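Participant: I am attaching a structure below and will ask some questions about it afterwards.
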Amino acid sequence: MTGPVVVGIDDFEHSDRLIAMAAGEALARGTSLWLAHAYHGFAPVAPGVEPNFAPEQIVRAAANSQLKMVADKLIAEYPDLHVETAAVTGPAAPALAELSDLASLLVVGGRGRGGLVGQLLGSVALRVLAHASCPVLVVRGDGEKATGRVMVGIDIYTPVTGASVLEFAFAEAAGRGADVYAFYAWEDPTGLYAYSAQLLSQDKQLAALKRGREVLAAALVPFEAKYPQVSATSEVLPGLPSRLLVESTELVDLLVIGGRPHGAGTDGMRVGGAIAHTVLHHAHCPVAVVPDR
């Protein structure tokens, strides 16, 4: 059975789009939706001293009440959707990471709080990405556009050629009735991209791009066969990957990228690279980070 879709709710007043996306993902997968909210438990500052704020049982009751209201609204809107709630005490990131062990997808908000920082990825989302054991959908952008395109950015020179990332992208596209746009930004393999135009002749650059397109197209073949209802295109362009990926997110509904597993015996994904961080902080659409195992 497919694991549930878990959505972490922080701010109930501004989570409508987050919750709606999570509900849509659960319905597309034919699985249940878990609404999770982490709150801080309180204790007296000293034995026998009463706290001057709401005790834990009151905070828990309030959290459960808010979760129930959200669940009731979802059930009324989507009668076929099975919804469960979980109010947990403690920091949000560890709680969500623990729930990810049971989930097929974890959905989190993609912005911090307030000011310029509010436009960037929140610290909770970053910590969740570092410890989650399932794909994580980071909800970014304003959600106003619908392009019918799922973009997948992969490194065509990894040993597995992004197989799990491509699988996720094609499955998402099939569930949405969307197309797949597979993208790779070519850099000089020596790491000297900034000087590659001077270092490589035009013929060599064209040959490298041609080879990249062949590798990327070949990587799509098994998934095009598995998902014949999904139309797929691919493109390899020269340029800085982070800039090209961020610019492209204005033209798609979802970007799918890979996250490296931390290693044997550990959970979570390494998304500490400059490309992934730039994309996660500045993307104009939701970003799914998939463990590339």
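The opening residue of the sequence shown carries number 19 in my numbering; numbering runs sequentially from there.
Note that beta-carbon positions come from the ideal geometry of N, C-alpha and C, so glycine has one too.
On a predicted model such as this, the values are computed, not experimentally measured, just so you know.
1) Around the C-beta of Ala212, are 16 or more other C-beta atoms found within 10 angstroms, so that it is buried, or is it exposed?
2) Does the Cβ-Cβ distance between Trp204 and Ala187 come in under 8 Å?
3) Quick one, are the C-beta atoms of Trp52 and Glu102 less than 8 Å apart?
4) What span of residues does the beta strand (DSSP E) with Arg158 cover, start to end?
5) Ignore the nearest five residues each way along the sequence and tell me which others in His300's own chain have a CB closer than 6 Å to its CB.
6) What number of angstroms, rounded off, separates the C-alpha of Gly171 from the C-alpha of Ile76?
7) How is His295 classed by DSSP in three states: helix, strand or coil?
8) Would you mind sorting Val239 into buried or exposed? The rule is 16 or more other CB atoms within 10 Å of its CB.
9) Based on DSSP bridge pairs, tell me the residues matched to Leu273.
10) With a Cβ-Cβ cutoff of 8 Å, do Ala196 and Gly161 count as a contact?
11) Given Gln247, which residues of its chain have a CB within under 7 Å of its CB, disregarding the five upstream and five downstream residues?
12) For Arg231, which option in Glu95, Ala250, Val254 and Gly159 has the closest C-alpha, if you only look at C-alpha atoms?
13) For Phe30, which residues of its own chain have a beta-carbon under 6 Å away from its beta-carbon, when the five flanking residues on both sides are left out?
14) Where does Ala15 sit, in a helix, a strand or coil, going by DSSP?
Facilitator: In brief:
1) For Ala212, the pLDDT reaches just 47, beneath the cut-off of 50, and the residue's location in the model is therefore unreliable, leaving the point undetermined.
2) In this structure, Ala187 does not lie closer than 8 Å to Trp204 by Cβ.
3) Between Trp52 and Glu102, the CB-CB gap stays under 8 Å.
4) Taken as a continuous stretch (DSSP letters only), Arg158 belongs to no beta strand (DSSP E), as it is neither H nor E.
5) Non-local beta-carbon contacts of His300 in its own chain, meaning distances under 6 Å to residues more than five positions away in sequence, involve Val264 in chain order.
6) If you take the alpha carbons of Gly171 and Ile76, they lie about 46 Å apart.
7) Residue state, collapsed to three classes: helix.
8) Exposed, because fewer than 16 other Cβ atoms sit within 10 Å of the Cβ of Val239.
9) DSSP lists Met169 and Val305 as the bridge partner or partners of Leu273.
10) No. Outside cutoff.
11) Within the same chain, and ignoring the five residues on either side of Gln247 in sequence, the residues whose Cβ sits closer than 7 Å to its Cβ are Ala192.
12) Nearest of Glu95, Ala250, Val254 and Gly159 to Arg231, Cα basis: Val254.
13) In its chain, beyond the 5 residues on either side, Gln84 have a beta carbon closer than 6 Å to the beta carbon of Phe30.
14) Nothing about residue 15 can be reported from this structure: the residues present for the chain run from 19 to 311 only.
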